[in-house]
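Line by line, the protein sequences give chains R and X. Okay, so the first sequence: first residue is 1074 according to our numbering, each after it adds one. Okay, so the second sequence: first residue is 39 according to our numbering, each after it adds one. Ideal placement from N, C-alpha and C gives every residue a C-beta, glycine not left out. This one's a predicted model, so the numbers in the text were calculated from it and none came from an experiment. Data first, discussion second: the structure below is written as structure tokens.
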Amino acid sequence: MDFRVAFPTLVAGRFLLAFAPLPVSLKDDHLLASPLTSYSRLQEGIYLFQNGIDPYSGGSFRHSPLLLSLFSTVVPLTRYTTPLLWTASDAIAAWALVRIWRLRQNVRESQRDGLIAALYLFNPYLFLSSLAFSTSTLENTLQLLSLMFASRGHSSASLLALAFHVQLSLPAILILLPVLLLNLSGPASHLALPRPFPANLRNTLPLLGEFVAYSLVLSCAATLACGNFAWIEKTWGASLLLPDLTPNPGLWWYFFTEMFDHFRPFFLMVFSVHLLMYVVPICIKFQHDLLYASFLLVGIFATFKAYPTLSDPGLFLSMMALFPETFPYFRHPIVTALLHIHASLLLPLFHSLWLTQGTGNANFFYASTLVFGMANGAALLDAIWAGLRIAVGEKKGYEVVQE
Amino acid sequence: MQLGWRSNLYFLLGLYFSQVLAANPAERFDEELTLRPLRDGKNPETLDNDDDPQHYTLFPLALGQILREYAVTELHLSLNAGNWNYDRWGYPDEPGVGTGAELWVWMGDGASATVDQRWQGLQGSLPNWTAPHQLRHATLPSEHVCTENLTPFLKLLPCKSLSGIASLLNPHRVFDADWHGLGVHVRYREDAGVEVRLAFQAVFDPIRSSPDKRRDWSLRSIFDRTVGKACPVARSSEIHVELPREQSYTLVPDPSVINDRHATYVLVDRHEALDVAMAWPGEPAFQYPLGSAATPLTHLSVQRTLKGSSQSDAKLSVIITNNLPVQIQTGYLETMPWLAQFYLHTLRVYSDGHSRDDLSSIVSYTPPEPHSRPALLQAVLTLPPSSTVQLTMDVWKPFLRYTEHPPDAQRGWDLPPAVLVPFSLGGGATLDQNASLAAAALRGPPRRIYTPVLLVDLATPDFSMPYNVIIMSCTLIALLFGSVFNLLTRKFVVVRIAGGATSDLT
């Protein structure tokens, strides 16, 4: 179907969904909204802000002050503007994804555009989060915009989008390195023909400086909006210190619920350093295709982030559509798919059994998050293997293994 | 469970010991005991006054030292057990009847340490506190009252529990009461000196202990003791009995002073033991009155509940009924620990079913900080005449760490009572101006009302699992990390599979 027809149809479908009265209240669902992205907390923070109470003096509001000033002055959040805004954000993200695909394939348009847009707009992980008005939708949009501008070579726009993304969510800082390098190399696929990094590494330094400048300006704007520096500890500090132990589909919350106080600082440090560790090796190993490196890092952070929601692995799975050349080389796609189906059925079921019905306990939900972690990990391993394996090629009568 | 009013059977026992200090070494100590069958509202007698503490003959030394050190100008500490049922028992003589411990302190300016530091030093083991201005308020709803509280309380008295009215306080009987509470009130009066008032209130049920279900009572039947003699240093020592409306009762022995509302026994010059007894000889067994015809005993009736069966969200609902035919404006103070966090933007007010958000205006709100301080919500509510106003607010429940749960974690946590302070009757008029209106319907102006404590049920982790959780999570992370590490660092090898087992490296 022609993309110019398919895309508006898909977006219209999403608008209808957004305005449809859903019987289930998704807004506070722990799978779709974490303490950093929950819409109820955003509304509470805006209400306190508009009534002269510092929203960062308590522990419930953990959104960025930029969102606070945006939604209290420019765009008020009402029953009509919120679904519009969130669906528009998803539409922009889908459009950015399609543009990345086109830039990677180096075509003006292709047959798969509509399919890729549909894979983003109707991915259940993503559209349920959007219906829950979780601000992770906005974060995904900024992420895809940043990658899109980097693929086009518009480094300033790309770094600005990334700076906004970091203001909303601290773990995004780890995507900085591949985006910097992507700005210098191109999005075209070199997976099958690896080559060393084509540009001079020293050229990243001015880009890095530009990013730091944007971040400083945005941080100053946030401090001005908020009036003091309390937002730093409440928003960015939350990803490092894990003050709020609300359940989410990630691996941190139950681990740190059951942890004795003596060991908390050490393990918080371990978990944060663990996230940091993946950036450089993946960028080095995939220096020939930085877009693939960003894609893999998105997957890693979806699995190991402090406060993930379903939209983070949703982004990873939707971005997989950009790399169809790797599909034949997946090691165990059926296992991955089944694990994801398994986890996506168990997670809401056990969450409800524990908190709503009271017949299960926390272990049920914890076990389903472990399965979900395995599902994400399996998808990640598939993607890494395929990305490397494709470079080796086929030869009849031979098998390729690793030693 | 009996329906209807049991109030006829309960007796409000108010024991007031007031000790104040004199400019000249004559410190004054007064004690009095008030007994009344409930259903008659009556304000208790007020107490005496005096001057600066120079000597500590009668004034308790320990309390005086604390007050001096922290420059406290006024202190009210109450420790109560049970729920004061305003609908059945009316207003208490001492208004501080919130369940658990409650402390109000006014601290003076100009002391050496700051007010906050002095407050921290003063409150000791009471953890929840809020800080509006120089007034500090702390509340601990799950504090239990027992003999260990009564003994130091009695030690503050000059006669301890050896003579005087305080000798009646038999812990076995007193803590068996349906409701009991201790109070320490310290005030500095301009014309006099420091006034300390120690109050003990209790609500007894004589029918419970009577074999014939009769409501006859005596000091011996309630306390298992009689008053021996008055405290020698007491300037006045009296027992007041409020007389019931019906005339079919008997009261022995003969009181010193009697009118149609009160009987008073003066103990100061008595030499023999005194046992006051009231009986209803013509009544076989007490008939509980039916509740539907009962007139309200208080100006407002409050019900506060936490609705919802989920362990992640709840809804706080406060239903206030205005029993008067005039509008009442009341302050609403809610000290909510961080165990139940408000979504203030969801506060909705309904009056008789209609949405009336204009009836509440928020005066101040301090958001709660987990592990650190509770939320403080102060609002002014306007209650239309003879109506029911319902406030609802969404509440979310946090998830605690393993070490933060109490030993019996499934019981839940107590949430302190909310306080309603009516301050204005009619359209903008003050209480005094419309006191006649109030007096016509109920005796006296509206007073402070405490709601019962709530129990919030938080989600618990599995307490047997810390080791298992750590190893399973670490195993998964290590598995994924190891696999990613292997994939990134290993070389690819092309292996010939046709025929033999030789391998070629490429």
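Problem - Residues near Leu1426/R in its chain [Cβ-Cβ closer than 7 Å; skip 5 each side] - result: Translated into positions along the first sequence, residue 1426/R becomes position 353. Only Thr1432, Gly1433, Phe1437 meet the Cβ criterion.
Exercise for the section: Identify whether Ile535/X lies in helix, strand or coil by the three-state DSSP scheme. Expected result: Counting from one through the second sequence, the residue named residue 535/X turns up at place 497. Note: Ile535/X maps to coil in three-state DSSP.
Handout entry: N- and C-terminal bounds of the beta strand (DSSP E) containing Leu113/X
Key = Here residue 113/X refers to the residue found at position 75 of the second sequence. Leu113/X -> beta strand (DSSP E) spans 110-119.
Handout entry: Inter-residue spacing [alpha-carbon to alpha-carbon] between Val340/X and Phe1389/R
Key = Walking along the second sequence from the start, residue 340/X turns up at place 302. Walking along the first sequence from the start, residue 1389/R turns up at place 316. For Val340/X and Phe1389/R, the distance between alpha carbons rounds to 53 Å.
Exercise for the section: Please report how far the alpha carbon of Pro423/X lies from the alpha carbon of Gly1323/R, in whole angstroms. Expected result: Position 385 of the second sequence, counting from 1, holds the residue named residue 423/X. Position 250 of the first sequence, counting from 1, holds the residue named residue 1323/R. Approximately 53 Å, taken between the alpha carbons.
Problem - Start-to-end residues for the beta strand (DSSP E) that takes in His1413/R - result: Sequence index remark: in the first sequence, residue 1413/R carries index 340 (1-based). Here His1413/R belongs to no beta strand (DSSP E); instead the alpha helix (DSSP H) covers 1406-1424.
Exercise for the section: Assuming Ala1272/R and Ser1258/R form a contact by the criterion Cβ under 8 Å, report the distance between their Cβ atoms to the nearest whole angstrom. Expected result: Counting from one through the first sequence, the residue named residue 1272/R turns up at place 199. Counting from one through the first sequence, the residue named residue 1258/R turns up at place 185. A Cβ-Cβ distance of about 6 Å is found for the pair Ala1272/R and Ser1258/R, placing them in contact under the 8 Å criterion.
Practice task
Find out if the Cβ-Cβ distance for the pair His218/X, Ala240/X is shorter than 9 Å.
Solution key: The residue you call residue 218/X lines up with position 180 of the second sequence. The residue you call residue 240/X lines up with position 202 of the second sequence. Contact annotation: His218/X and Ala240/X have beta-carbon atoms nearer than 9 Å.
Practice task
Kindly indicate if chain X contains any beta-carbon less than 9 Å away from that of Trp1326/R.
Solution key: Indexing the first sequence from 1 puts residue 1326/R at position 253. Closer than 9 Å: yes.
Practice task
Could you tell me whether the Cβ of Lys529/X comes closer than 9 Å to any Cβ of chain R?
Solution key: Along the second sequence, read from residue 1 onward, the residue named residue 529/X stands at position 491. So yes, Lys529/X belongs to the interface.
Problem - chain R residues whose Cβ lies nearer than 9 Å to that of Ala268/X - result: Looking up residue 268/X in the second sequence gives position 230. The contacting residues do not exist; Ala268/X stays about 54 Å from chain R at best.
Problem - Residues that Leu1461/R contacts on chain X, provided the C-beta gap is smaller than 9 Å - result: Residue 1461/R sits at position 388 when you count from the first residue of the first sequence. Those are Leu525, Leu526, Phe530, listed as they occur along chain X.
Practice task
Go ahead and pull the three-state DSSP assignment for Ser163/X.
Solution key: One-based indexing of the second sequence puts residue 163/X at position 125. For Ser163/X, the pLDDT reaches just 34, beneath the cut-off of 50, and the residue's location in the model is therefore unreliable, leaving the point undetermined.
Handout entry: Euclidean distance between Cα positions of Val295/X and Ala237/X
Key = Here residue 295/X corresponds to residue number 257 of the second sequence, with the count starting at 1. Here residue 237/X corresponds to residue number 199 of the second sequence, with the count starting at 1. Pairing Val295/X with Ala237/X, the inter-Cα distance amounts to about 24 Å.
Exercise for the section: Using a Cβ-Cβ cut-off of 9 Å, state whether Val401/X counts as contacting chain R. Expected result: On the second sequence, residue 401/X is found 363 positions in, with the first residue counted as 1. No, Val401/X lies away from the interface with chain R (no Cβ there is under 9 Å from its Cβ).
Practice task
At 8 Å on the CB atoms, spell out the chain X contacts of His1413/R, in chain order.
Solution key: Start at 1 with the first residue of the first sequence, and residue 1413/R comes out as number 340. Within 8 Å Cβ-Cβ: nothing; His1413/R doesn't reach chain X, min ~15 Å.
Problem - Short-range partners of chain X found in the region 1435-1448 of chain R, where Cβ spacing is below 8 Å - result: For the region 1435-1448 of chain R, the set of positions with a beta-carbon nearer than 8 Å to some beta-carbon of chain X reads Ala1435, Asn1436, Tyr1439, Leu1443, Gly1446, Met1447 in chain order.
Exercise for the section: Indicate whether at least one CB of chain X lies closer than 9 Å to the CB of Gln1116/R. Expected result: Mapped onto the first sequence, residue 1116/R falls at position 43. Yes - at least one Cβ of chain X is within 9 Å of the one on Gln1116/R.
Practice task
Measuring only between beta-carbons, confirm whether His383/X sits less than 9 Å from chain R.
Solution key: Along the second sequence, read from residue 1 onward, the residue named residue 383/X stands at position 345. At least one CB atom of chain R sits nearer than 9 Å to the CB of His383/X.
Practice task
Could you check what DSSP says for Ala1366/R in three-state terms: helix, strand or coil?
Solution key: As a position in the first sequence, residue 1366/R is number 293, starting the count at 1. The answer is helix: DSSP assigns Ala1366/R an H, G or I state.
Practice task
Starting from His1405/R, find everything on chain X with Cβ-Cβ shorter than 7 Å and list it in chain order.
Solution key: In the first sequence, the residue the question calls residue 1405/R occupies position 332. Result: empty, since nearest Cβ-Cβ is about 12 Å, beyond 7 Å.
Handout entry: CB-CB length for Leu338/X against Leu458/X, believed under 8 Å
Key = Counting from one through the second sequence, the residue named residue 338/X turns up at place 300. Counting from one through the second sequence, the residue named residue 458/X turns up at place 420. Contact flag correct, Cβ pair sits at about 6 Å.
Practice task
Look at the Cβ atom of Gln349/X, then the Cβ atom of Ser462/X, and state whether they are nearer than 9 Å.
Solution key: In the second sequence, counting from the first residue as 1, residue 349/X sits at position 311. In the second sequence, counting from the first residue as 1, residue 462/X sits at position 424. Cβ atoms of Gln349/X and Ser462/X: not closer than 9 Å.
Practice task
Using the DSSP secondary-structure output, state which residues sit across from Asn1124/R in a beta bridge.
Solution key: Along the first sequence, one-based indexing puts residue 1124/R at 51. Asn1124/R pairs with nothing; no bridge assigned.
Practice task
Have a look at His1263/R, Ile1457/R, Ala1223/R, Ser1367/R and flag the residue whose alpha-carbon is nearest the alpha-carbon of Leu526/X.
Solution key: The sequence position of residue 526/X within the second sequence is 488, counting from 1. Measuring from the Cα of Leu526/X, the nearest candidate turns out to be Ile1457/R.
Handout entry: Pro1156/R (DSSP reduced to helix, strand or coil)
Key = Here residue 1156/R corresponds to residue number 83 of the first sequence, with the count starting at 1. Three-state result, Pro1156/R: helix.
Handout entry: Cβ-Cβ distance between Gly138/X and Pro375/X below 9 Å
Key = What you label residue 138/X is simply residue 100 of the second sequence in a count that begins at 1. What you label residue 375/X is simply residue 337 of the second sequence in a count that begins at 1. No; because the gap between Cβ atoms is not below 9 Å, this pair is not in contact.
Practice task
From the DSSP output, read off the bridge partner residues of His300/X.
Solution key: As a first step, residue 300/X must be located in the second sequence, where it is residue number 262. His300/X pairs with Glu280/X.
Practice task
Consult DSSP for Gly266/X and reduce its assignment to one of helix, strand or coil.
Solution key: For this step, residue 266/X is matched to residue 228 along the second sequence. The answer is coil: DSSP assigns Gly266/X none of H, G, I, E or B.
Problem - Three-pair Cβ contact test at 8 Å for the region 269-287 of chain X versus the region 206-221 of chain X - result: no
Practice task
Determine the burial state of Gln448/X: buried for a count of at least 16 other Cβ atoms within 10 Å of its Cβ, exposed for fewer.
Solution key: Taking the second sequence and counting its residues from 1, one reaches residue 448/X at position 410. Exposed, by the Cβ-count rule.
Problem - CB contact below 9 Å: Asp432/X versus chain R - result: Translated into positions along the second sequence, residue 432/X becomes position 394. The beta-carbon of Asp432/X is placed less than 9 Å from the nearest beta-carbon of chain R.
Practice task
Assuming Val522/X contacts Leu1454/R (C-beta within less than 8 Å), just tell me the rounded distance between them.
Solution key: Sequence index remark: in the second sequence, residue 522/X carries index 484 (1-based). Sequence index remark: in the first sequence, residue 1454/R carries index 381 (1-based). Right, their Cβ atoms sit about 7 Å apart.
Exercise for the section: At 9 Å on the CB atoms, spell out the chain X contacts of Asp1362/R, in chain order. Expected result: Here residue 1362/R corresponds to residue number 289 of the first sequence, with the count starting at 1. By Cβ distance, chain X contributes nothing, its closest Cβ being about 14 Å from Asp1362/R, past 9 Å.
Handout entry: Status (buried if at least 16 other CB within 10 Å, exposed otherwise) for Gly134/X
Key = Position 96 of the second sequence holds residue 134/X. By the 10 Å Cβ count, Gly134/X comes out buried.
Exercise for the section: If I'm right that Ser1207/R touches Ser1219/R with Cβ under 8 Å, what's the distance once you round it to whole angstroms? Expected result: As a working mapping, residue 1207/R is identified with position 134 in the first sequence. As a working mapping, residue 1219/R is identified with position 146 in the first sequence. At roughly 19 Å, the Cβ-Cβ gap does not stay under 8 Å, so Ser1207/R and Ser1219/R are not in contact.
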